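Accompanying notes for the structure given below.
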Amino acid sequence: MELEHPKLDKLIFIPMTRRDQLDADRIFSVLERILQSNDQFTLDEGLVIKIIRVEPFEGGKPTPSVFDDWIKEKKKHRSN
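FYI, the numbering for the sequence shown is 41 to 120, going by the numbering used here.
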């Protein structure tokens, strides 16, 4: 999960979490840490939440990670 706000210098990532463990309390705890560390951060200017869904791996064979590909692509676009 990725959080984006106009007053933040960089994106905030919430580490990959199983769907049954991701709830409003988890998201609000991340927002609370941001609020404590940044006086300029207010939610009245909007907050973009992007959810990245990754299929769990099945079996014992290694497969390329869709998430790793997404991160590489994101970094490539940010450097342009």
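Glycine included, every Cβ here is placed at the ideal spot set by N, Cα and C.
Values in this document were obtained by computation on a predicted structure and should not be read as measured data.
Is DSSP giving residue 113 helix, strand or coil here? Looking up residue 113 in the sequence shown gives position 73. Note: residue 113 maps to helix in three-state DSSP.
Beta-carbon separation (whole angstroms), residue 85 vs residue 47, contact threshold 8 Å: The count along the sequence shown starts at 1 and reaches residue 85 at position 45. The count along the sequence shown starts at 1 and reaches residue 47 at position 7. Contact flag correct, Cβ pair sits at about 7 Å.
Local conformation of residue 92 per DSSP, three classes: Numbered from 1 along the sequence shown, position 52 holds the residue referred to as residue 92. Note: residue 92 maps to coil in three-state DSSP.
Are residue 41 and residue 107 close, meaning C-beta to C-beta below 9 Å? One-based indexing of the sequence shown puts residue 41 at position 1. One-based indexing of the sequence shown puts residue 107 at position 67. No; because the gap between Cβ atoms is not below 9 Å, this pair is not in contact.
Rounded to whole angstroms, what's the CA-CA distance from residue 64 to residue 116? Just pull it up for me. For the purposes of this step, residue 64 is taken as the residue at position 24 of the sequence shown. For the purposes of this step, residue 116 is taken as the residue at position 76 of the sequence shown. Approximately 31 Å between the Cα atoms of the pair.
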